[in-house]
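Going line by line, the protein sequences match chains S and D.
Residues 5 to 417, numbered by my numbering, are exactly what the first sequence covers, in order.
Residues 371 to 743, numbered by my numbering, are exactly what the second sequence covers, in order.
Here a beta-carbon is modelled for each residue, glycine too, at the ideal position from N, C-alpha and C.
Heads up, the thing below is written out as structure tokens.
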Amino acid sequence: MTGNSQTPDPEKEKRKIKSVKKMKEIMTNYYMEAKTAEQTGKKVAWITSGGPVEPLIVMDIIPVYPENHGAMIGASKMGVALCEKSEEMGYSRDLCSYARADIACAPANGGPIGGLPRPDMLVCCNNICGTVLKWYEVQARYFNVPLFILDTPFSHTGFSDEARKYVRKQVDEYIAFLEMVCGKKCDYDRMAEVGKLSVQGQRLWQAVLDTAAHKPAPMSAFDAFFHLALIVTLRGTSVVVDYYTGLLAEMKERIASGISAVPNEKYRLLWDNLPIWYRTKWLSEKFAAHDACLVADTYTSAWCGSLKYINENDFLGTMAEGYSRIYLNIGVDEMAETVIEMIDKYDADGLVMHSNRSCKPYSLGQYDIQRIVQEKRKIPTLMIEADMVDERNFAESQIETRIDAFMEVLKAG
Amino acid sequence: MKNLALFHEIAKNPYDYAKKVKKESGRKVVGYFCSYTPEEIIDAAGALPFRIFGRGGDSLADAHLQAYSCSLVRGALHDALSGGLDFLDGVVFPHTCDSIQRLSDIWRINVKTGFHIDAVLPVKLDTKSSGEYMADVLKKFLRDIENGLGVKIAENDLKSSVMKYNRIRSYLGKIYRIRRENPSLIGSRDLHAIVRASMVMERDLLVEELAALAGSLNDGKAAGKTAGKKVVLAGGVCNLPDIFSIIEDSGGIVVGDDFCTGSRYFEGEIGINGDIVESIAKRYKDRINCPAKHSGLLTRGEHILKLARESGAKGVIFLFLKFCDPHSFDYPYLKDMLNREGIPSMLFEIEEQLPSEGQFKTRCEAFLEMLEA
């Protein structure tokens, strides 16, 4: 058995992020624990990706993320079949593909991990979209379990005192809801600890993402899409803090030894919107072939973007504002400012935007953001029309042509 | 019923109507979206509340909104960008769905139609704190309207506006009931025009016209039983008077609706004792909800079921704007709930214009044929 294609390419091996193995272990254990919750007597809550998970951690409830499930379905290319199934159930093809895929999974225990563990409760925070409200209503009817809605008023031009008071009140209602479902009191000392761990985890995640400001970038947005899972799912635990501490050290080592995500990084790009989960590898290779690295993205940084509103010493008191003012729950002009700040911070040469049919709050307004960026930074921009999970909305040859044309413009500039 | 023509004329040419009012009376005109806008407050400030619907075109929206946005937001933005809405002195965006939410941002950045108010209403409506927040938002809205229009709203003016709206809503409800009991007295196409006109007409005039119409309908003799199968319509915004004609030409009689441009607009009275803004808030919280808002898991299903039962409808026709997420998410459960009660339903997705008129007629005929007589 010599000289066959199984021999790892040392150049490729060098570029692989070593922490990936650890991350896979953590996620496998996490899903195992969630799937066996019934045997261990732990309660399971389904929660939206932007929802406050910290009180769940305090109450020893296992948080499960249907959106993360949606991403797994997309990445394992099972999206089309499940979306079609949901359409048979009566859901329009124009609806969010995460929601469609997850709704179709529930009755059949389908999908890459045989369905999510049955929830004991549902926690829906509408800071990311109105879709999650409808999706969780569907699941609350299906599973017949209590639903808590954390209503986070949208900040078109600012966060009103009225909204602050309302969300703060709901934080108490949320904890009362969990106490009711679990039949035990919330430990506020532990809440304070978990709040600190959450802030620490978010800071570390931001620090990891910041390493991509180095030229060449030690990691790409595609790596961030993968490593994101922990800050989403287990925020507020020491597992997250430990893992990102290790990942940050690895990124620093890569910088020190000159290991970059893309071999000959010449062009640095910023990605906007959710990943196209079934094509991350294809897109990553496509851009790398042009010596282009997607150095940052607006999506993975959304889990630490509102840190400025949170006081780690008064987590419960300030999380209302922190959770309300996340990237998707703000006006288009403020989003454009954030994009421009990122372009400057990561010294991006171009902007790649995914116009995602599944996500209206993320996508409607992108044309204006594109125009604002062009006016203020005069860099090339590319709009890719696709969908995060439903591959039927991905026209490969058309997208390939557009990427090539975009890269030609960049190279000529 | 001479004034039916007036309602039809205004419903058909709302922009011309508002411009005429503005020119003749000097009143300011405040555009708004969606039936969650607390119009009473705009009226009390002396301005004309004007509900914005597109007039058909949407090409100018292409630079700002993807093709997967609904025709309501695309059409409205097109009209604004084309200067068609320049007569507005201000615009109000109540928080409802993701699309209207982003339309507000895009509008604020690109359109000059006077002041811009976002009324960021609660999304859930079934808790105490959301009720308090609703009242807080309306109090803020009142201040924003005062600032926008440069006026002060007197408590008494607000109270009399509320009483005016109570009368408007009660007349609309009455006319709906007359129609339900005696469909031969007034066509559903007429009813639709009346509701649409109500959202843009000078409200003092509207009260008089509605009173006259209700009176004349009450006096009218039923022209005998109307042939046809009774149906209830449900959905969001209906901008197409033709829809009603097609349904009726296909052998249906529309005996009720759950539309934003129908009964959701006028249901629920406002109490006039106690804090008046809080009473207004209570009405918007308690009326049957739009699916973009949460008020219980089965509330809308039970409401539509009750509508169908009380009106003796044999079926329900769902009419959704294409790309309307909140309605599309509710559809499977509503359909199942109706099915279990033996009430068949059909779904038709519409754009603001009706390019597939033939298709709609064919489906209507097939559906109505299947219904019990």
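Tell me which same chain residues have a C-beta within less than 7 Å of the C-beta of residue i, skipping the five on either side of it?
i      : result
D:Y703 : G671
S:L287 : I280
D:A388 : V399, L418, F420, F457 and V570
D:D656 : G638
D:H824 : Residue 824 of chain D is absent from the structure shown; chain D starts at 371 and stops at 743.
D:Y654 : Y406, P408 and M504
S:K380 : I344
Which value, in whole angstroms, describes the spacing of the CA atoms of residue i and residue j?
i      : j      : result
D:F629 : S:P111 : 31 Å
D:G638 : D:G632 : 13 Å
S:I117 : S:E42  : 16 Å
S:I330 : S:D276 : 15 Å
S:G119 : S:P70  : 10 Å
D:F485 : S:D337 : 17 Å
S:T6   : S:E269 : Annotation note: pLDDT 46 at S:T6 (below 50); position unreliable, coordinate value reported separately. Approximately 33 Å, taken between the alpha carbons.
D:F614 : D:E727 : 12 Å
S:I3   : S:P222 : Because chain S here runs from 5 to 417, residue 3 of chain S falls outside it and cannot be looked at.
S:P123 : D:A736 : 42 Å
S:K415 : S:E17  : 29 Å
D:V647 : D:E502 : 11 Å
D:R547 : D:L587 : 11 Å
D:P492 : D:E516 : 22 Å
D:L455 : D:D386 : 10 Å
S:K138 : D:T407 : 22 Å
D:N609 : D:A563 : 10 Å
D:G598 : D:E719 : 23 Å
S:S261 : S:M125 : 48 Å
S:L251 : S:H231 : 9 Å
S:M63  : D:A581 : 59 Å
S:I132 : D:D589 : 54 Å
S:I376 : S:E341 : 9 Å
D:A431 : D:D475 : 14 Å
S:S305 : S:P384 : 22 Å
S:R396 : D:Q436 : 18 Å
Closer than 8 Å by C-beta to residue i: which residues in its own chain qualify, once you throw out the five before and the five after it? Chain order, please.
i      : result
S:Y178 : P56, P59, V127, F152 and L154
S:D227 : I21 and A265
S:V203 : L311, I314, E316 and F319
D:I713 : L675, A678, A683, K684, G685 and V686
How many whole angstroms separate the CB atoms of residue i and residue j, which I take to be in contact at a CB cut-off of 8 Å?
i      : j      : result
D:K676 : S:D98  : No, D:K676 and S:D98 are not in contact; Cβ-Cβ is about 29 Å, not under 8 Å.
S:W209 : S:W307 : 6 Å
D:A662 : D:T497 : Not really, about 17 Å apart at Cβ, beyond 8 Å.
S:S164 : S:N333 : That pair is no contact at about 13 Å.
D:K544 : D:I642 : Actually they do not touch by this definition, with Cβ atoms about 19 Å apart.
D:F699 : D:L717 : Incorrect: roughly 13 Å between the Cβ atoms, too far for contact.
D:D413 : D:K534 : 7 Å
D:V625 : D:V601 : 7 Å
D:C471 : S:P157 : The sequence given here has Gln at residue 471 of chain D, not Cys. Wrong, their Cβ atoms sit about 11 Å apart, outside the cutoff.
D:L374 : D:D514 : Not confirmed; about 37 Å, so no contact.
Near residue i, what residues of its chain come up, given a Cβ to Cβ distance below 6 Å and the 5 sequence neighbours on each side ignored?
i      : result
S:A292 : V266
D:V481 : A450
D:V792 : Because chain D in this structure spans residues 371 to 743, residue 792 of chain D falls outside the shown range and cannot be described.
S:I388 : H358 and I403
S:V356 : L273, W275 and L386
D:I473 : For the record, residue 473 of chain D in the displayed sequence is Leu; it is not Ile. So the list reads V443, once near-sequence residues are dropped.
Closer than 7 Å to a non-hydrogen atom of the ligand GTP - does that hold for the CB of residue i?
i      : result
S:E395 : Because no ligand of any kind appears in the structure shown, any question about the ligand GTP cannot be addressed here.
ask   = So does the region 27-34 of chain S actually touch the region 292-305 of chain S, counting three or more Cβ pairs closer than 8 Å?
value = no
Inside the region 200-242 of chain S only - alpha helix (DSSP H) runs reaching at least 4 residues = 225-237
ask   = Is it true that the region 312-325 of chain S meets the region 168-176 of chain S, where meeting means three or more beta-carbon pairs spaced less than 8 Å apart?
value = Contact between the region 312-325 of chain S and the region 168-176 of chain S is present, because at least three Cβ pairs lie under 8 Å.
message = So within the region 448-503 of chain D, which uninterrupted beta strand (DSSP E) runs reach at least 3 residues, ignoring any that extend past its ends?
response = 460-464 and 485-489
task = Could you tell me whether the region 339-350 of chain S touches the region 245-264 of chain S, using the rule of 3 or more Cβ pairs below 8 Å?
result = no
query = Which ranges would you report for the beta strand (DSSP E) in the region 567-591 of chain D if only whole runs of at least 3 residues count?
reply = none
Residue ranges of each alpha helix (DSSP H) within the region 266-347 of chain S, 4 or longer = 284-293 and 319-328
message = Quick test of the definition: if touching needs 3 or more C-beta pairs under 8 Å, does the region 76-90 of chain S touch the region 390-402 of chain S?
response = By the Cβ test, the region 76-90 of chain S is in contact with the region 390-402 of chain S, since at least three Cβ pairs between them sit closer than 8 Å.
query = Can you list the alpha helix (DSSP H) stretches of 4 or more residues lying completely in the region 626-681 of chain D, in chain order?
reply = Counting only runs of 4 or more, we get 633-636, 646-656 and 669-681.
inquiry  = Taking contact to mean 3 or more Cβ pairs, one atom from each stretch, closer than 8 Å, check whether the region 369-384 of chain S and the region 187-198 of chain S are in contact.
reply    = no
task = Could I get the ranges of all uninterrupted beta strand (DSSP E) runs contained in the region 379-407 of chain S, with 3 residues as the minimum, in chain order?
result = If we require 3 residues or more, the beta strand (DSSP E) runs fully inside the region 379-407 of chain S come out as 385-390.
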